[in-house]
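Q: Sharing a structure below in structure tokens format, with a few things to ask.
Residue numbers (UniProt numbering): 1 to 339.
Here you go:
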């Protein structure tokens, strides 16, 4: 049976796992610094898998769909969970609408996706909602969940969770519920994961999945009780515009709410460009055709209700499609160069 490159690499990982290989090279996404190739040990990957199985009550023979790239940690760990938990695994190439390429009669108990995949399912194939609602849980990761999607998942009965983690922590170490009566605006980690902050206010993590080492992130957080934290943004996403510090995630949150209020569903990000007068000029880049002048004025008016004048983008840029990294995250750096 002929195999394409993706299938061959996925099967190679499965073969290595079954043969007991102890170390696995994985490319990081840059959450704790420049992207690099690191080695993850088998015992750390098994510990992470066991934690996921416990959190989502996955039992032997439960059916899971693997639709994230298995060359990176999110997809790779779905394979490991399958082996460790004796799950029934269906693997497909990562595409925008994962449910469009599987048997219409297929049913699954669990799936991990990037937010855009779930958004595409809800927008393009709303008839699949019943399939989603049969699952035990949906886990979203790899990119932030926008306000429009967070509003959309409120109609789902299946619990939807947003994950927090990175390659260095062997996938997620904390989750937050996005829908239902148990939804929260903070992440909670199990008690065996030790959380702290450094002098910048950035999250530090120590657990079995870190090999006992302390991982220092670039994520600004507010530590809460019960091993929980509220994510505030990235330390390297702080813009100094005219002497005023602006957190890009705050701008993006307001943008998401404003666009949703206007009935506009599209991807976007906030960024900064060099500016002789201000030092850095705050901009917003939106996917799709340009907004009309009236729409831009209306958008700025809505933003002024929750942002200061320094936090409102000075310029709006547009791209037919926003560039992505290999793991499905928006590529801000490349996007800025394309404007």
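Each residue gets a CB set at the ideal place from its N, CA and C atoms; glycine is no exception. Bear in mind that the values here come from a model prediction, so they are computed numbers and not experimental data.
For the alpha helix (DSSP H) containing residue 280, list its first residue and its last residue.
A: No alpha helix (DSSP H) holds residue 280; the beta strand (DSSP E) holding it covers 279-287.
Q: My parser needs the alpha helix (DSSP H) runs of 4 or more residues fully inside the segment 93-125; what are they?
A: As far as the segment 93-125 is concerned, its whole alpha helix (DSSP H) runs of at least 4 residues are 115-124.
Q: Looking at residue 195 and residue 227, is the spacing between their C-beta atoms short of 9 Å?
A: In contact: residue 227 and residue 195 (Cβ atoms closer than 9 Å).
Q: Sort 328, 316 and 303 by Cα distance to residue 336 and report the nearest one.
A: Among 328, 316 and 303, the Cα nearest to that of residue 336 belongs to 316.
Q: For residue 278, which of 290, 240, 235 and 165 has the nearest alpha-carbon?
A: Cα-wise, what sits closest to residue 278 is 240.
Q: Can you grab the Cα-Cα spacing for the pair residue 136 / residue 62, in whole Å?
A: Looking at the two C-alpha atoms, the distance is approximately 10 Å.
Q: Do residue 319 and residue 287 have their C-beta atoms closer together than 9 Å?
A: Taking 9 Å as the Cβ cut-off, residue 319 and residue 287 qualify as a contacting pair.
Q: Which of the three DSSP states is assigned to residue 258 in this structure?
A: Here residue 258 sits in helix by DSSP.
Q: Under the three-state reduction of DSSP, which class applies to residue 275: helix, strand or coil?
A: Residue state, collapsed to three classes: strand.
Q: So, under 8 Å CB-CB, residue 82 and residue 64 are touching, yes? Tell me the CB distance rounded to an integer number of Å.
A: With 8 Å as the limit, residue 82 and residue 64 qualify as a contact, their Cβ atoms being about 6 Å apart.
Q: Look at the alpha carbon of residue 210 and the alpha carbon of residue 77, and state the distance between them as a whole number of angstroms.
A: C-alpha separation (whole angstroms): 15 Å.
Q: Would residue 15 be called buried (16 or more neighbouring beta carbons within 10 Å of its own) or exposed?
A: Exposed is the call here.
Q: Please state whether the Cβ-Cβ distance between residue 201 and residue 171 is less than 9 Å.
A: Taking 9 Å as the Cβ cut-off, residue 201 and residue 171 do not qualify as a contacting pair.
Q: Quick one: which unbroken beta strand (DSSP E) runs of 3-plus residues sit fully inside the segment 298-329? Chain order, please.
A: Listed in chain order, the complete beta strand (DSSP E) runs (minimum 3 residues) inside the segment 298-329 are 315-319.
Q: Tell whether a beta-carbon distance below 9 Å holds between residue 339 and residue 264.
A: Result no, Cβ atoms of residue 339 and residue 264 do not sit closer than 9 Å.
Q: Roughly how many angstroms lie between the CA atoms of residue 125 and residue 181, to the nearest whole one?
A: Straight-line Cα distance between these residues: approximately 25 Å.
Q: Could you tell me the alpha carbon to alpha carbon distance between residue 93 and residue 305, rounded to whole angstroms?
A: The alpha-carbon atoms of residue 93 and residue 305 are separated by roughly 43 Å.
Q: Using a threshold of 9 Å, state whether the C-beta atoms of residue 173 and residue 186 are closer than that.
A: Result no, Cβ atoms of residue 173 and residue 186 do not sit closer than 9 Å.
Q: Mark residue 297 as exposed unless 16 or more other C-beta atoms lie within 10 angstroms of its C-beta, in which case mark it buried.
A: By the neighbour-count rule (16 or more Cβ atoms within 10 Å), residue 297 is not buried but exposed.
Q: Is the separation between the beta-carbon of residue 117 and that of residue 145 shorter than 9 Å?
A: No; because the gap between Cβ atoms is not below 9 Å, this pair is not in contact.
Q: Could you tell me which residues DSSP puts in a beta bridge with residue 196?
A: Answer is 204, bridged to residue 196.
Q: Name the one or two DSSP bridge partners that residue 41 has.
A: Answer is 23, bridged to residue 41.
Q: Since residue 192 and residue 208 should fall inside the 8 Å C-beta cutoff, what is the C-beta to C-beta distance between them, to a whole number of angstroms?
A: Contact flag correct, Cβ pair sits at about 7 Å.
Q: Could you check which residue in 245, 234 and 87 has the C-alpha nearest to that of residue 311?
A: Checked all of 245, 234 and 87; the closest Cα to residue 311 is 245.
Q: Where do the ends of the alpha helix (DSSP H) carrying residue 15 lie?
A: Taken as a continuous stretch (DSSP letters only), the alpha helix (DSSP H) holding residue 15 covers 5-18.
Q: I'd like to know whether the C-beta atoms of residue 259 and residue 147 end up nearer to each other than 9 Å.
A: A contact, by the Cβ cut-off of 9 Å.
Q: Please classify residue 223: does DSSP put it in a helix, a strand, or coil?
A: In this structure, residue 223 counts as strand in the three-state DSSP scheme.
Q: Suppose the cutoff is 6 Å on Cβ atoms and the five residues either side in sequence are ignored; what does the same chain contact list for residue 152 look like?
A: Result list for residue 152: 122, in chain order.
Q: Starting from the Cα of residue 59, find the closest Cα among 331, 75, 45 and 85 and give me that residue.
A: Checking every option, the nearest Cα to that of residue 59 belongs to 85.
Q: Pull up the distance between the alpha-carbon of residue 313 and that of residue 133, whole angstroms please.
A: Those two C-alpha atoms are separated by around 39 Å.
Q: Would you check if the distance between the CB atom of residue 55 and the CB atom of residue 175 is smaller than 9 Å?
A: Closer than 9 Å, so yes.
Q: Measure the alpha-carbon distance for residue 299 versus residue 262 and round it to whole angstroms.
A: Approximately 8 Å, taken between the alpha carbons.
Q: Would residue 80 and residue 17 be called neighbours here (beta carbons separated by less than 9 Å)?
A: Going by C-beta atoms, residue 80 is nearer than 9 Å to residue 17.
Q: Rounded to whole angstroms, what's the CA-CA distance from residue 40 to residue 197? Just pull it up for me.
A: One C-alpha to the other measures close to 24 Å.
Q: Specify, as a first and last residue, the run of the alpha helix (DSSP H) that residue 332 falls within.
A: Segment 332-338, the alpha helix (DSSP H) holding residue 332.
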